[in-house]
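Same order as they appear, the protein sequences are chains L and H. To convert, take the position in the first sequence, counting from 1, and add 8; that gives the working numbering. To convert, take the position in the second sequence, counting from 1, and add 185; that gives the working numbering.
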Amino acid sequence: ETGVTQTPRHLVMGMTNKKSLKCEQHLGHNAMYWYKQSAKKPLELMFVYNFKEQTENNSVPSRFSPECPNSSHLFLHLHTLQPEDSALYLCASSLGTSGVREQFFGPGTRLTVL
Amino acid sequence: DQQVKQNSPSLSVQEGRISILNCDYTNSMFDYFLWYKKYPAEGPTFLISISSIKDKNEDGRFTVFLNKSAKHLSLHIVPSQPGDSAVYFCAASPGTASKLTFGTGTRLQVTL
């Protein structure tokens, strides 16, 4: 595997379900990010992790719970979501959170909440 | 309050011609700008970037121009190819990689 991978690619869940999104980066980066992309809106930064520590939470509702066990893996745990949470969830990584600015993205998980 | 704006949601260009995608920003703290390309069912792919200390950066068919006084940047693709058909996102950073602010994207269609 190369780059940034995300699983699952598609997810349909009910409002009472609990599910998790997984992201893995194979680039040797130290920073990882979760973004949300809703239709006709810009990518919205949700969380930032640097060396496994959360450095930013962009006022995300608590029904989204991130986890970063190491610099290569990032999870987004979902519970009691709302239909308006349906969106494309993108994971990204970068060398760090300063200096080199380029972030590398995974293919995303298309989430539908019924 | 959208700090990075791409006012053209779509653009159609003939193959071989120049494609010009525009981006405006409002935050004077932005000092690094990036363009990403996105195909359907894929994540955004980094294309080219420019620091605020420069006004032009070129990489093959892609050139990014920065006009700091106008708070405007543009991406030129010459010559345009059908494989360039994608959504292009402009992004800006104020000094840390964790603070990328994205525009809404411009869908480029390169026709034969």
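Think of the CB as a built atom: it goes at the ideal place given N, C-alpha and C, for glycine as much as any other residue. All values reported here derive from a predicted model rather than from experimental measurement.
For Phe215 (chain H), no chain L residue has a C-beta closer than 7 Å to its own C-beta; the minimum C-beta separation is roughly 11 Å. Excluding its 5 nearest sequence neighbours in each direction, Lys253 (chain H) has C-beta neighbours in its own chain below 7 Å: Ser237, listed in chain order. By the beta-carbon neighbour count (other beta carbons within 10 angstroms, threshold 16), Gly268 (chain H) is exposed. Around the C-beta of Met54 (chain L), 16 or more other C-beta atoms lie within 10 Å, and the residue is accordingly described as buried. With a cutoff of 9 Å on beta-carbon distance, Ser101 (chain L) and Val12 (chain L) are scored as near each other. About 5 Å separates the Cβ atoms of Tyr43 (chain L) and Leu51 (chain L), confirming a contact at the 8 Å cut-off. Taking every protein chain shown into account, the CB of Thr63 (chain L) has fewer than 16 other CB atoms within 10 angstroms, so this residue is exposed. Between Tyr97 (chain L) and Thr117 (chain L), the beta carbon gap of about 5 Å places them in contact (Cβ cut-off 8 Å). For Ala39 (chain L), the closest of L:Lys27, L:Pro115, L:Val20, L:Leu82 by C-alpha to C-alpha distance is L:Leu82. For the set H:Ser197, H:Leu206, H:Thr296, H:Phe287, the Cα lying nearest the Cα of Phe247 (chain H) is the one of H:Leu206.
Closer than 7 Å at the C-beta level to chain L, one finds no residue of the region 236-267 of chain H. Between Phe59 (chain L) and the set H:His257, H:Pro225, H:Ser283, the nearest pair of CA atoms involves H:Ser283. Contact between the region 261-280 of chain H and the region 213-223 of chain H is present, with at least three C-beta pairs closer than 8 Å. Cβ atoms of Leu293 (chain H) and Val198 (chain H) come within 8 Å of each other, at about 7 Å. At a cut-off of 9 Å between beta-carbon atoms, Thr105 (chain L) makes contact with chain H.
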